[in-house]
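In the numbering used here, the protein residues as written are 43 to 505.
What follows is one structure encoded as structure tokens, with my remarks underneath.
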Ligand code: HEM
């Protein structure tokens, strides 16, 4: 019998006891719900309001979804929801448009280009250290905001040669509003709620306008200056669509580049995808270091040995092995992109089941990266899991914080360099400790944020 004609037969999974139960549960405890689904097996299922959701939780099967059989899927409802904010940028576009955008943006992330960003990364981190110095030993900060400000500054400068760090607080607030709006849309029934004249929707619209005005200002200033800064923004503005000209050379006068709106979508995408994720990874790293003084000491030992007080550069990356292990482990426990969704577009066979088009398939770095089958004592922060031999013993897709396949994170190399250089610069001089009684709770918005921020006191090392 062909997959199309086989009678529906669903994998095990939680069953709804009253209407809307899963909608409420998913809204209130998304991570717990995903973990509960995983407890039913490698392939689990739940249905609500006529929609079917699957969680696929085995390394080989995850590889099939993201890489081997990626053509059976498109990105899910989740991203359609984000389209209001991100337009048709790299993260949200599909098919040929996605391929074209990816090809256009890719050169900004080539190895040689990354080398040039190293200086920006260390420079902005050193500025943050300067601010901490001015606040004084023992000062209290919200580490989450500190890291957002830092990574926003870095992505703005590296990719757009724009100084947005000073506007970080306002941009950050606008982004949070906008992300809450996307998050509301993700809940079943969200499309309807979005159309209601609720204050939250109005705030989200205002936030979007504020973000737009910053980005359009950057674009306007660049177009007016006519200068080629050799950065991503210049590339996008000058882009020549070779494909539409059939590969023929295009005369100078007909080179139009992307429209402001297309550039805006790409810029908004990179601002958002490029700062929120790395900021969360760094925030959780500070938290874990504060809880694990032995590992923190080992990190300090490496930083003192390799850097001896100077700022790190890209050339130091191969020597900062423990620093990378610390980050890898933090991203294992708190993967910023905790779930990746796909919508099925043709009948998809997995194990004994056939998943029908229209269903949603989730794979979850958060769930897989805490799976006791692959991670001994999985809750423990243990950077030595990243020693080469230990890594070689695990299946590749037991860890996939950056996704895989044609939609793999374009900024992965950028993020590793940024994370390592920022941590090395700051942890060389500073330690952070959680403020007593500060509640640490996960807030799986679009990325995995700490719900109440991360209030920490700063302590100068060696004092
Ligand atoms: C720790 C930091 C980061 C993590 C964990 C992360 C994670 C991810 C993941 C899991 C995806 C794939 C989503 C999917 O398959 O549906 C993705 C895509 C993407 N990321 Fe990242 N990311 C990080 C940093 C960055 C940075 C620094 C940038 C840019 C400067 C960036 C830009 C993007 C873009 C544009 C996409 C869409 C790629 C496409 O669909 O072709 N990310 N990221």
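Where a beta carbon is used, it is the ideal one built from N, C-alpha and C, also for glycine.
In angstroms, rounded to a whole number, what distance separates the CA positions of residue i and residue j?
i	j	result
residue 51	residue 76	21 Å
residue 134	residue 110	21 Å
residue 440	residue 262	45 Å
residue 499	residue 157	33 Å
residue 70	residue 63	11 Å
residue 220	residue 272	30 Å
residue 399	residue 423	39 Å
residue 171	residue 270	31 Å
residue 406	residue 386	16 Å
residue 460	residue 473	19 Å
residue 112	residue 179	51 Å
residue 100	residue 370	20 Å
residue 161	residue 357	11 Å
residue 427	residue 333	18 Å
residue 507	residue 59	Nothing about residue 507 can be reported from this structure: the residues present for the chain run from 43 to 505 only.
residue 87	residue 79	7 Å
residue 335	residue 94	45 Å
residue 471	residue 502	6 Å
residue 246	residue 215	10 Å
residue 452	residue 458	12 Å
residue 181	residue 175	9 Å
residue 268	residue 155	22 Å
residue 196	residue 403	34 Å
residue 248	residue 190	21 Å
residue 416	residue 352	38 Å
residue 203	residue 260	9 Å
residue 443	residue 372	11 Å
residue 148	residue 177	39 Å
residue 483	residue 244	28 Å
residue 338	residue 188	20 Å
residue 438	residue 448	17 Å
residue 250	residue 167	28 Å
residue 294	residue 280	Residue confidence is low: residue 294 scores 43 on pLDDT, short of 50, so the model does not pin down where it sits. No coordinate-derived value is stated.
Any idea which residues DSSP pairs residue i with across the strands?
i	result
residue 390	397
residue 473	501
residue 183	498
residue 405	382
residue 93	90
residue 486	490
residue 507	The question about residue 507 has no answer, for the chain in this structure spans 43 to 505.
residue 115	386
residue 85	98
Exposed or buried, residue i, counting other C-beta atoms within 10 Å across all chains shown (16 or more means buried)?
i	result
residue 106	buried
residue 497	buried
residue 347	exposed
residue 318	buried
residue 198	buried
residue 431	exposed
residue 425	buried
residue 392	buried
residue 494	exposed
residue 450	exposed
residue 186	buried
residue 307	buried
residue 435	exposed
residue 153	exposed
residue 289	In this predicted model, residue 289 has a pLDDT of only 47, less than 50, meaning its place in the structure is not dependable; the value taken from the coordinates is given anyway. Flag for residue 289 reads exposed.
residue 303	exposed
residue 124	buried
residue 91	exposed
residue 418	exposed
Give the C-beta separation of residue i and residue j to the nearest angstrom, bearing in mind that I take them to be a contact with Cβ-Cβ under 8 Å.
i	j	result
residue 85	residue 56	About 14 Å separates the two Cβ atoms, so there is no contact after all.
residue 212	residue 252	7 Å
residue 466	residue 314	Actually they are not in contact, since the Cβ atoms of residue 466 and residue 314 sit about 25 Å apart, beyond 8 Å.
residue 192	residue 206	Not confirmed; about 12 Å, so no contact.
residue 310	residue 257	6 Å
residue 345	residue 331	Contact doesn't hold; Cβ gap of about 12 Å is too wide.
residue 446	residue 108	4 Å
residue 464	residue 163	6 Å
residue 388	residue 114	5 Å
residue 275	residue 217	Rounded, the Cβ-Cβ distance is 19 Å, inconsistent with contact.
residue 355	residue 462	Between residue 462 and residue 355 the Cβ distance is about 11 Å, and since that is not below 8 Å, they are no contact.
residue 104	residue 384	Actually they do not touch by this definition, with Cβ atoms about 11 Å apart.
Quick check on residue i - is its C-beta less than 7 Å from some C-beta in chain C?
i	result
residue 152	Of the chains in the structure shown, none is chain C; there is only one protein chain.
Would you be able to state if there are at least three C-beta pairs under 8 Å between the segment 407 to 414 and the segment 321 to 329? no
Are the segment 472 to 484 and the segment 130 to 146 in contact at 8 Å, needing three or more beta carbon pairs? no
Are three or more beta carbon pairs between the segment 376 to 384 and the segment 485 to 492 nearer than 8 Å? Per the Cβ contact rule, the segment 376 to 384 is in contact with the segment 485 to 492 (3 or more Cβ pairs under 8 Å).
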